[in-house]
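Just below is one structure, and these are the notes that go with it.
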Amino acid sequence: MKVKCEGYNTDLEVFAYKPEAARPTKSLQATAMKIKYVDVFWEIFLPSMSSASRTPNGDWTRLVRDRYSTGDGPFKNALLAVTLSRVGQYSNNMSMTITGDNYYNACLRQIIQAINQNDKVSNDETIATCLLLSLYEILCSPVSAKGWLNHVQGLGTLIRLRGPHAFTSGISHELFASARLEMIHAAMVVRKTTFLGSPEWISIPWSMSNAPKSFYDRIIDISAQIPQILETYHRIKIAQPSNWEALLEVCWGLDNAMQDWCRDFYPICAPLHTDPTNSFTQSKPNLAFPLTAEARISFEHAQALSIYWTNCVFLYTTICQVWHETDSPSYLLPRRIDPHLYAVIISDSLPYFSGPQAGEGSLVFYTISVGVAIHYLSASGEAGSQNHQRLTDLITPEGDVEHIRARIGLFLKILAKSSVVPSRDTTGSEGKEDLDDFEVVELAQQWWGGGRNAITLPTRIREISDS
């Protein structure tokens with residue numbers, strides 16, 4: 000078709016031209032698919048409608064999602080590693096899973112290269128990368144808990160190098176606040192004091208905030224002190240000294256802090272408590288009750304409760320052990336000094352944290368609590384009990400080895416083995432990755448430093464009420 004063009008005293012013929020529709024290149028198609036898989040993964044891990052996605056512990060995942068469009072290098076490779084590996088496992092797509100593993104290896108090479116070249120790796124993006132890599136170890140490749148420990152300990156090193164003043168505001172503060180608990184859990188596992196328990200790291204990152212600390216942040220402040228008492232007990236036990244009073248004084252100080260937190264937090268949970276004997280008129284309200292699947296409580300507060308219960312297992316077990324080590328102690332202990340009670344509560348609260356509506360992230364958050372409860376019940380002679388069985392059934396679903404519960408179960412078993420013999424690779428020539436029930440009990444007793452007689456108290460010792 001020809002169209003005559005009038006004007007400019009020049010004859011000009013214009014031909015109508017209709018170009019062919021552009022075809023997307025393979026690279027564009029691949030990028031679009033990766034973005035799609037990222038969205039699929041986050042919806043599996045923390046569904047958009049889940050209350051777990053709107054909690055302090057879930058904040059870092061929101062930051063990661065917001066940054067995907069601009070992130071590159073190790074960060075992008077870490078995100079694609081956990082995304083493709085987990086979605087591949089979920090959909091039984093081996094090719095996708097292998098691709099995710101390749102991204103993981105590429106990310107590790109890039110980080111090692113950056114460290115060797117003294118590049119600036121202690122930044123927010125690297126912190127987010129380490130969080131993704133630690134998540135990968137739990138969800139996608141829990142064949143060695145050493146990988147998880149290495150990533151979390153590396154994360155701690157990067158944060159410590161920047162100093163507490165670097166985390167007072169913005170994304171840096173949000174990442175720090177989200178990552179703190181995982182670093183503390185790693186310190187608990189290896190029984191090593193963490194810098195996060197020092198006064199400056201507890202106070203300075205919040206120094207520019209006009210709002211008071213949340214209950215969630217306050218209970219983590221107490222958690223940061225637990226690794227110190229675990230390390231101290233282990234060290235004193237080996238040295239066989241005659242005086243345990245200094246450690247016991249630290250333990251009672253933490254117990255007082257826990258009781259103060261409990262007293263402040265209790266009004267939030269009062270409507271959930273069904274025990275009429277525990278009312279506001281009591282001077283010492285307690286939080287020794289489980290959460291049901293229908294519990295009407297924000298997930299942030301539920302997380303805070305689970306941290307409190309876990310702290311109780313660690314702290315009160317240590318107090319029981321020190322009580323046994325003292326020479327004929329003349330005093331009785333308050334009833335709350337009962338780690339078994341809190342291990343049972345963790346077991347009874349599984350329906351709340353493992354519900355499908357919460358996503359995989361809810362159960363991942365609860366992983367260490369589950370592990371501590373299993374560990375304690377195994378060491379105290381209750382392997383096979385109803386409470387112990389409920390926990391082990393959760394993490395050993397039949398038939399689907401890629402189910403999130405199975406992945407967490409394997410991770411916890413290997414973590415238990417690594418925590419007892421941290422210098423030895425648990426997946427190579429040392430033997431199988433999985434552990435049978437007898438080995439779980441044996442490892443638990445090794446970690447706690449004894450069996451039932453060492454970590455529990457006779458009933459008569461707890462006959463007095465809380466004071």
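Residue 0 is where the sequence shown starts when you use numbering that gives the first Met the number 0, and the numbers rise one by one after that.
We put the CB at the ideal spot given by N, CA and C, even for glycine.
Cut-off 6 Å between Cβ atoms - residues of its own chain near residue i, not counting five sequence neighbours on either side
i: T98; result: L83
i: T280; result: At T280 the pLDDT is 39, less than 50, meaning the model places this residue with poor confidence; the figure from the coordinates comes in the next sentence. Answer for T280: no residue qualifies.
i: A517; result: In the structure as shown, the chain begins at 0 and stops at 466. Residue 517 is therefore absent and cannot be evaluated.
i: V86; result: Y36, V39, F40
i: E124; result: F74
i: A105; result: N76
i: I407; result: T366, I394
Bounding residues of the alpha helix (DSSP H) (the contiguous stretch that carries residue i)
i: G448; result: Unbroken run through G448: none, as it is neither H nor E.
i: D123; result: 123-138
i: D254; result: 244-268
i: L340; result: 338-347
i: E199; result: 198-202
i: K191; result: Segment: none, K191 is in no alpha helix (DSSP H) and carries neither H nor E.
i: Y103; result: 93-115
i: T395; result: Neither: T395 is in no alpha helix (DSSP H) and is coded neither H nor E.
i: L331; result: Per DSSP, L331 belongs to no alpha helix (DSSP H) and is neither H nor E.
i: V120; result: V120 -> no alpha helix (DSSP H), and no H or E assigned at all.
i: Q88; result: 72-89
i: N149; result: 144-161
i: P226; result: 225-238
i: E324; result: 298-324
i: L362; result: 359-364
i: L414; result: 403-419
i: R295; result: Unbroken run through R295: none, as it is neither H nor E.
i: F166; result: F166 -> no alpha helix (DSSP H), and no H or E assigned at all.
i: F214; result: 214-222
Contacts around residue i, its chain only, beta-carbon distance under 7 Å, and the 5 residues preceding and following it disregarded
i: T391; result: I373
i: R179; result: L195, I219
i: V151; result: S133, E181, M182, A185
i: E230; result: R190, K191, T192
i: E199; result: P163
C-alpha gap between residue i and residue j, whole angstroms
i: I318; j: D38; result: 46 Å
i: I413; j: N209; result: 43 Å
i: E324; j: W243; result: 8 Å
i: L174; j: T167; result: 11 Å
i: I306; j: T291; result: 17 Å
i: A382; j: Y365; result: 20 Å
i: Y102; j: Q445; result: 37 Å
i: V81; j: K33; result: 12 Å
i: S278; j: C261; result: A caution first: S278 carries a pLDDT of 42, below 50, which makes its placement in the model too unreliable to give a value.
i: V440; j: A378; result: 6 Å
i: S368; j: E293; result: 20 Å
i: G427; j: C268; result: Confidence at G427 is low in this model, with a pLDDT of 43, below 50, so the placement of that residue should be treated as unreliable; the coordinate-derived value is given next. Cα to Cα, G427 sits roughly 47 Å from C268.
i: T128; j: L456; result: 44 Å
i: F437; j: I158; result: 39 Å
i: Q388; j: A245; result: 37 Å
i: A453; j: D259; result: 28 Å
i: L160; j: P266; result: 39 Å
i: G449; j: F288; result: 27 Å
i: L247; j: Q224; result: 14 Å
i: K236; j: Y315; result: 17 Å
i: S417; j: L154; result: 19 Å
i: E42; j: R61; result: 12 Å
i: L349; j: V312; result: 16 Å
i: L131; j: L332; result: 43 Å
Contact set for residue i: own chain, Cβ-Cβ below 8 Å, skip 5 residues either direction
i: Q109; result: G72, P73, N76
i: S384; result: L376
i: I201; result: L195, D220, A223
Residue i CB to nearest heavy atom of the ligand MG below 7 Å
i: M32; result: Here there are no bound small molecules, and the ligand MG is not part of this structure.
Next on the checklist: Three or more C-beta pairs under 8 Å: does that hold for the region 341-359 against the region 236-255?
Outcome noted: no
Checklist entry - Can we say the region 373-386 touches the region 353-362, given the rule of at least three CB pairs closer than 8 Å? => result no
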